[in-house]
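Protein chains: 2
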Amino acid sequence: MATGRTHRPATRSRGIPEATVARLPLYLRALTALSERSVPTVSSEELAAAAGVNSAKLRKDFSYLGSYGTRGVGYDVEYLVYQISRELGLTQDWPVVIVGIGNLGAALANYGGFASRGFRVAALIDADPAMAGKQVAGISVQHSDGLEKIISDNGVSIGVITTPPGVAQAVCDRLVAAGVTSILNFAPTVLTVPDGVDVRKVDLSIELQILAFHEQRKAGEEAAANENAVPAPAGRADSTDQGPDGDVPAVMPA
Amino acid sequence: MATGRTHRPATRSRGIPEATVARLPLYLRALTALSERSVPTVSSEELAAAAGVNSAKLRKDFSYLGSYGTRGVGYDVEYLVYQISRELGLTQDWPVVIVGIGNLGAALANYGGFASRGFRVAALIDADPAMAGKQVAGISVQHSDGLEKIISDNGVSIGVITTPPGVAQAVCDRLVAAGVTSILNFAPTVLTVPDGVDVRKVDLSIELQILAFHEQRKAGEEAAANENAVPAPAGRADSTDQGPDGDVPAVMPA
DNA sequence: CCATCTTTGTGCACGCGTTCACAAAGACAT
DNA sequence: ATGTCTTTGTGAACGCGTGCACAAAGATGG
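Residue numbers (my numbering), protein chains in the order written: chain A, 3 to 256; chain B, 3 to 256.
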């Protein structure tokens, strides 16, 4: 998973646990695949396997939405697709703006998964005047001067930030001031927002670092079988030999 | 946050809770910024604010690593940077391969956050013969025929998958067979891997769907103040009016 | 109509993660 | 040396999420 958890204090939104909400898109994807293969019904066991979760967990998750299954049979695929879509708010159209059209911004603009799921890229915005007018994913990039107008004209409530970290907070502030209340942040920065605004964070390098931790542990276990030496790192390395380099959060593509 | 949690059964790896491991990169980033500003020490309160977490949580997290603070003073920034880096395994160099050089793959290849944190892009791999030899982020793209040799020659243990979902599992299988034991998956697919292999998943569209859920709830609360009608959706919509379209998991950029 | 079989929906217990609140530890001044 | 003040490190309580295991519900067949 990515990372963000700059989220509401785990307030159980309308009775549906946050953990369940996070899994609904997973179920929806699996159900959609079944729907295309014209499978009429599916048991919790089968669907759980397809979504990569435990069947008991899946049933409990669905129980928060209501009693949509039939005992002895399973769940009606089409019906469940509709119910989950409705619950997630995907039956309506969500206009989205992407701010910062670098490599990552362009990748997102081209990402088919958005358009097909109720999200519509309303505008691509970049601060570089040279980018203005350029076509990306069939959409003309607009200069950030017009950000506020774009937001209000299109009724945008969801913004995606793919700018360098240095300007992310400033962009965020402008988005929020213009009326955006949900932000998906790809910049490696902690965003501060007023109450009522949701921020989710996707941090590419954090994911790798977590993998590295486990990878190191795997390697360490084999080595640990040999030596039985001091597990404690000994007092204060006073190191001048830390990481490879100074290592700024690193400028993002855009 | 992103999504993946296809993870070990919450086994507490060497005493450090999984939740803590996931926050260490956050602390590391904040500490690195302080280090650059030559700040010598920092209190748990200050650092917690910079990382966007609770100070009690931060102290407890650090307590799993050892007693690295000084009461009445705080934490030595440089020392803590070193300790966390070491704990995460970032003091060594991790060669990484990226498979699937589309928009997203290219974005990742260009992403500075990798190289600066102990990760080195050892190779870019794509199945399209037309891509072979092309330069992306200063690295020559190689054809996927040579995948196994590239992995073993470079001692790669971490692989990043940015392919279309249809081939993700096949790529994953080849990576694992070649010796990769950690995978970061951007393809919207559930990957099946043998024991001992870690998979983390970043799903861009899932993050947006979660935001949409909360966005809808916010909008719904205002509306709910007015009407007091049936909250239940009434029996079985039998809808032919589900989502915008058939909606496959959507082919990824690459 | 009854018996059997399948699969859901959920009560319950357990464990992880978070937060509070405070004692212990050290810095610093006198 | 002693006292005060700051900040860490952690014991304990609480709440959320997970998984087990089973009763209830419905399908299906005789």
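Just so you know, even glycine gets a beta-carbon here, dropped at the ideal spot from N, CA and C.
Integer Cβ distance of residue i from residue j, believed to fall under 8 angstroms
i         : j         : result
A/Val-101 : A/Val-204 : With 8 angstroms as the limit, A/Val-101 and A/Val-204 do not qualify as a contact, their Cβ atoms being about 15 angstroms apart.
A/Leu-149 : A/Arg-122 : The Cβ separation is near 18 angstroms, so there is no contact.
A/Val-99  : A/Gly-161 : 5 angstroms
B/Ala-32  : B/Ala-58  : With 8 angstroms as the limit, B/Ala-32 and B/Ala-58 do not qualify as a contact, their Cβ atoms being about 17 angstroms apart.
B/Ala-214 : A/Gly-120 : 7 angstroms
A/Gln-171 : A/Thr-194 : 7 angstroms
B/Ser-184 : A/His-216 : 7 angstroms
B/Thr-22  : B/Asp-63  : 5 angstroms
A/Leu-60  : B/Glu-209 : Rounded, the Cβ-Cβ distance is 21 angstroms, inconsistent with contact.
A/Gly-287 : A/Ser-46  : Absent from the model: residue 287 of chain A. The displayed extent of chain A is 3 to 256, so no value can be given.
B/Ser-159 : B/Val-178 : B/Ser-159 to B/Val-178, Cβ: 11 angstroms. No contact.
A/Gly-54  : B/Leu-206 : The pair is not a contact, with the Cβ atoms about 18 angstroms apart (cut-off 8 angstroms).
A/Arg-97  : A/Ala-124 : For the sequence presented, residue 97 of chain A should be read as Pro rather than Arg. Contact flag correct, Cβ pair sits at about 4 angstroms.
Cutoff 8 angstroms: residue i Cβ touching any chain A Cβ
i         : result
B/Ile-208 : yes
B/Asn-56  : no
B/Ile-160 : yes
B/Pro-19  : no
B/His-145 : no
B/Gly-115 : yes
B/Asn-105 : yes
B/Pro-97  : no
B/Gly-120 : yes
B/Arg-73  : no
B/Gln-211 : yes
B/Val-204 : yes
B/Val-169 : no
B/Asp-200 : yes
B/Ala-24  : yes
B/Ala-263 : This structure cannot settle anything about residue 263 of chain B, because the visible part of chain B is limited to 3 through 256.
B/Pro-196 : no
B/Pro-42  : no
B/Pro-27  : yes
Beta-ladder partner(s) of residue i, from DSSP
i         : result
A/Ile-127 : A/Val-101, A/Gln-144
A/Val-259 : Summary: the structure shown does not reach residue 259 of chain A, with chain A confined to residues 3 through 256, and so no result is reported for it.
A/Pro-163 : Reading off the sequence shown, one finds Ile at residue 163 of chain A, where the question assumed Pro. Answer is A/Val-101, A/Asn-187.
A/Val-44  : A/Tyr-77
A/Thr-137 : The residue asked about is misnamed: residue 137 of chain A is Gln in this sequence, not Thr. According to DSSP, which records beta bridges pairwise, A/Gln-137 is partnered with A/Ser-142.
B/Phe-121 : B/Trp-96
B/Gly-71  : B/Tyr-77
Proximity test, Cβ basis, 8 angstroms: residue i and chain B
i         : result
A/Asn-112 : yes
A/Val-79  : no
A/Lys-220 : yes
A/Ser-184 : yes
A/Ala-108 : yes
A/Arg-31  : yes
A/Glu-217 : yes
A/Asp-63  : no
A/Gly-140 : no
A/Ala-214 : yes
A/Gly-102 : no
A/Leu-92  : yes
A/Pro-1   : As displayed, chain A neither begins before 3 nor continues past 256, which places residue 1 of chain A out of reach and without an answer.
A/Val-232 : For A/Val-232, the predicted model reports a pLDDT of 35, less than 50, meaning its position is unreliable; a value from the coordinates is still stated below. Closer than 8 angstroms: no.
- Message: Closer than 8 angstroms is the cut-off here; do at least three beta carbon pairs connect the stretch 21-28 of chain A with the stretch 77-97 of chain A?
- Response: yes
- Query: Should the stretch 128-142 of chain B be regarded as contacting the stretch 58-78 of chain B, the criterion being three or more beta carbon pairs within less than 8 angstroms?
  - Reply: no
- Cβ contact (3+ pairs, closer than 8 angstroms) linking the stretch 105-114 of chain B and the stretch 105-113 of chain A: yes
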